[in-house]
Amino acid sequence: MAAIDFSRRDFLQSAAAVVALGATTTKGQEQQTPRKPPSGSVVISSANGLRATEKAATMIAAGADTLDAVVAGVNIVEEDPEDNSVGYGGLPNEDGIVELDASVMHGPTRGCGAVAALRNIKTPSSVARLVMQRTDHIMLVGEGALKFAKAHGFKEYDLLTEKSREAWLEWKEKHSDKDNWLPPPDPPASGEKRSDASRPIAFTYGTINCLALNEKGEMSGVTTTSGLSWKLSGRVGDSPIVGAGLYVDNDVGAAGSTGRGEANIKICGAHTIVEMMRGGVTPTEAVKAAIERVVKFTVEKRLLDSEGKPNFDLKFYALSKDGRFAGASIWSGGKFAVFSGGQNRLEDCAFLFQRPQKS
Ligand code: GLY
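Numbering (our numbering), first residue to last: 61 to 419.
Next up, the structure:
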């Protein structure tokens with residue numbers, strides 16, 4: 061599916077079209093959109109999920125359930141110490157402790173499960189699936205989530221890799237000159253691999269979302285993250301919130317997000333996108349309209365650049381019941397992973413604003 065560079069004017073037009081469609085399709089909408097599954101599975105993911113889409117599609121082709129497939133897919137990234145956006149090796153909170161969030165949704169059974177602020181477990185998505193399968197609850201957090209994971213045999217690990225600890229220490233030493241933490245001397249002692257000595261390391265919002273559809277029309281999704289780097293202890297983002305970081309309706313489609321969770325939670329992004337698709341809006345138009353809504357809801361001066369545009373990014377991904385898919389971001393340059401038609405690849409996200417060229 062071709063990505064679209066939508067100009068502000070086009071974007072506003074499409075948002076208006078969404079509103080118009082929503083207004084006219086509340087009755088009889090099930091007849092308006094073709095919802096036949098495609099021949100062959102379709103799996104999409106955030107750009108860091110190219111291995112996840114491949115794994116999930118391979119498993120689905122071998123007969124696996126769509127939820128088992130996407131969870132196995134993201135487990136690869138969760139367990140990878142080199143990926144500092146999720147699971148083992150994820151960037152920690154301000155105290156240097158890795159806290160993980162994840163959610164799952166299983167379309168055929170309408171099940172969902174989530175964990176938040178979970179420590180010491182490499183694969184929070186697997187724990188979220190167990191919350192769905194083995195409790196009468198939907199979300200477990202903190203100590204309770206860890207206790208539950210251990211009861212199911214998950215092993216505890218120190219999730220802070222050396223690489224993530226060094227990144228955290230660098231942030232701690234550079235983000236303020238009004239505390240007692242000092243960066244190393246300049247030039248750094250031999251062996252020190254510090255970047256620009258005066259620049260603090262930015263916050264990051266790494267996450268992986270993965271959505272799947274099989275030939276029977278069954279859909280599932282997962283979103284998993286270590287959340288905002290250097291966050292306050294106990295901060296929970298959008299990833300484990302059903303309706304924000306993930307939503308699946310087996311009759312309609314699925315959506316998920318990566319990026320600044322606080323901005324997504326305010327618009328319940330994933331649910332909003334699925335509801336737009338229910339009204340007959342294409343996945344591409346739906347993710348673009350959700351991005352537009354995020355921008356509209358971003359009014360805090362501290363979150364805006366000198367031109368009044370958000371100073372952060374957020375991406376949405378959508379997959380419809382009939383196998384159409386899309387990704388969109390606030391800023392240009394985004395990609396998303398797609399497995400369809402037997403091919404695994406990255407595609408461009410549509411975007412609202414062109415990033416300024418670096419001089
Ligand atoms: N989207 C991930 C987070 O904000 O935690």
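Cβ coordinates follow ideal geometry from the N, Cα and C atoms, glycine included.
Worksheet item: Who are the near neighbours of Arg-189 in its chain, counting only those whose CB is closer than 7 Å to its CB and skipping five residues on each side?
Response: Same-chain partners within the cutoff: Leu-127, Val-131, Val-164, Gly-173.
Worksheet entry | Complete alpha helix (DSSP H) runs within the stretch 283-359 (minimum length 4 residues, chain order) | The stretch 283-359 contains these whole alpha helix (DSSP H) runs: 321-325, 329-338, 343-357.
Fill in: Backbone CA spacing between Met-279 and Lys-381 [nearest angstrom]
Straight-line measurement puts the Cα of Lys-381 at about 8 Å from the Cα of Met-279.
Discussion item. Is it buried or exposed, Leu-273, if we count other Cβ atoms within 10 angstroms and call 16 or more buried?
Written reply: It is buried - the Cβ of Leu-273 has at least 16 other Cβ atoms within 10 Å.
Worksheet item: Listed by chain order, which residues have C-beta atoms less than 7 Å from any heavy atom of the ligand GLY?
Response: Neighbourhood of the ligand GLY, defined by CB distance below 7 Å to any of its heavy atoms: Asp-161, Tyr-265, Thr-267, Thr-285, Gly-287, Leu-288, Gly-297, Asp-298, Ser-299, Gly-305, Ser-317, Thr-318, Gly-319, Arg-320, Gly-321, Glu-322, Asn-324, in chain order.
Practice prompt. Over the uninterrupted alpha helix (DSSP H) stretch that includes Phe-208, give me the two end residues.
Written response: Residue range 202-211 is occupied by the alpha helix (DSSP H) that includes Phe-208.
Worksheet entry | For Ala-330 and Gly-305, believed in contact at Cβ under 8 Å, the rounded distance | Confirmed, Cβ separation roughly 6 Å.
Discussion item. Residues in the same chain with beta-carbon distance under 6 Å from His-212, minus the five sequence neighbours each way, listed in chain order, please.
Written reply: Apart from the 5 residues on each side of it in sequence, His-212 sits with its Cβ closer than 6 Å to the Cβ of Leu-190 in its chain, given in chain order.
Worksheet item: What's the C-alpha gap between Thr-113 and Tyr-377?
Response: Between Thr-113 and Tyr-377, the C-alpha separation is close to 13 Å.
Discussion item. Please list the terminal residues of the continuous beta strand (DSSP E) segment that includes Ile-390.
Written reply: Ile-390 -> beta strand (DSSP E) spans 385-391.
Item to complete: Could you spell out the range, first to last residue, of the alpha helix (DSSP H) harbouring Ser-105?
Response: Careful: Ser-105 lies outside any alpha helix (DSSP H), inside the beta strand (DSSP E) at 102-106.
Fill in: Neighbourhood of Arg-194 by C-beta distance below 8 Å, restricted to the same chain and skipping five residues each side
Same-chain partners within the cutoff: His-212.
Worksheet item: What residues match up with Met-279 in a beta bridge as DSSP calls it?
Response: Residue pairing of Met-279 in beta bridges, as defined by DSSP: Leu-273.
Practice prompt. Classify Thr-86 as buried or exposed, calling it buried when 16 or more other Cβ atoms lie within 10 Å of its own Cβ.
Written response: Low confidence applies here, because Thr-86 scores a pLDDT of 30, under 50, leaving its location unreliable and the question unanswered by this model.
Worksheet item: What is the C-beta distance between Gly-316 and Asn-240, in whole angstroms, given that I count them as a contact (C-beta under 8 Å)?
Response: The Cβ separation is near 41 Å, so there is no contact.
Discussion item. If distances are taken between C-alpha atoms only, which option among Gly-150, Ser-289, Gly-277 comes closest to Pro-168?
Written reply: Considering only alpha carbons, the answer is Gly-277.
Fill in: Ile-333 to Tyr-148 span [Cα, whole Å]
One C-alpha to the other measures close to 30 Å.
Practice prompt. Compare the Cα-Cα distances from Asp-365 to each of Pro-416, Gly-109, Ala-350 and report the closest residue.
Written response: If you compare the alpha carbons of Pro-416, Gly-109, Ala-350 with that of Asp-365, the shortest gap goes to Pro-416.
Worksheet item: Relative to the alpha-carbon of Asn-135, which residue among Thr-285, Tyr-265, Glu-230 has its alpha-carbon at the smallest distance?
Response: Each of Thr-285, Tyr-265, Glu-230 was checked against the Cα of Asn-135, and the nearest Cα belongs to Thr-285.
Worksheet entry | Pairwise C-alpha distance: Gly-109 and Ser-392 | Taking the straight line from one Cα to the other gives about 19 Å.
Discussion item. Between the alpha carbons of Ala-176 and Ile-390, how many angstroms are there, rounded?
Written reply: Note on geometry: alpha-carbon atoms of Ala-176 and Ile-390 lie some 26 Å from one another.
Item to complete: Might you give, ordered along the chain, the residues of its own chain that have their beta carbon closer than 6 Å to the beta carbon of Ser-400, omitting 5 neighbours on each side?
Response: Once the five neighbours on either side are set aside, the close Cβ partners of Ser-400 are Val-102.
Worksheet item: Which stretch, first to last residue, makes up the alpha helix (DSSP H) that contains Leu-190?
Response: Counting along the chain, the alpha helix (DSSP H) containing Leu-190 begins and ends at 184-194.
Worksheet item: Do Leu-271 and Ile-351 have their C-beta atoms within less than 7 Å of each other?
Response: It is not a contact, given that the beta carbons lie outside the stated cut-off.
Worksheet entry | Three CB pairs or more closer than 8 Å across the stretch 336-345 and the stretch 197-212 | The stretch 336-345 is not in contact with the stretch 197-212.
Fill in: Alpha carbon of His-403 to alpha carbon of Trp-290, nearest angstrom
Checking the sequence, you will find Gln at residue 403 rather than His. Going from the Cα of Gln-403 to the Cα of Trp-290 covers about 37 Å.
Worksheet item: When the Cα atoms are used, what is the spatial distance from Ala-323 to Thr-358?
Response: Rounded to the nearest whole angstrom, the C-alpha separation of Ala-323 and Thr-358 is 7 Å.
Item to complete: Work out the CA separation of Lys-215 and Thr-318 for me, nearest whole Å.
Response: When the Cα atoms are used, Thr-318 and Lys-215 turn out to be separated by approximately 27 Å.
Worksheet item: Of the residues Ala-121, Gly-297, Lys-375, Val-355, which one's Cα is nearest the Cα of Gly-368?
Response: The shortest C-alpha separation from Gly-368 is found at Val-355.
Practice prompt. Let me know if Ser-293 comes out buried or exposed under the rule of 16 or more other beta-carbons within 10 Å of its beta-carbon.
Written response: So Ser-293 ends up on the exposed side.
Worksheet item: Leu-374 bridges to which residues according to DSSP?
Response: Leu-374 is bridged by DSSP to Gly-319.
Discussion item. For Thr-283 and Thr-267, which I take to be in contact (beta-carbon distance under 8 Å), what is that distance rounded to the nearest angstrom?
Written reply: Confirmed, Cβ separation roughly 6 Å.
Practice prompt. Check the DSSP bridge columns for Leu-412 and list the partner residues they point to.
Written response: None; Leu-412 has no bridge partner.
Item to complete: Name the one or two DSSP bridge partners that His-166 has.
Response: His-166 is bridged to Gly-171, Ser-280.
Worksheet item: Quick one: Cα of Ile-181 to Cα of Pro-370, how far?
Response: Taking the straight line from one Cα to the other gives about 33 Å.
Worksheet item: What is the rounded straight-line gap between the Cα of Pro-152 and the Cα of Ile-325?
Response: Cα to Cα, the separation comes out at about 21 Å.
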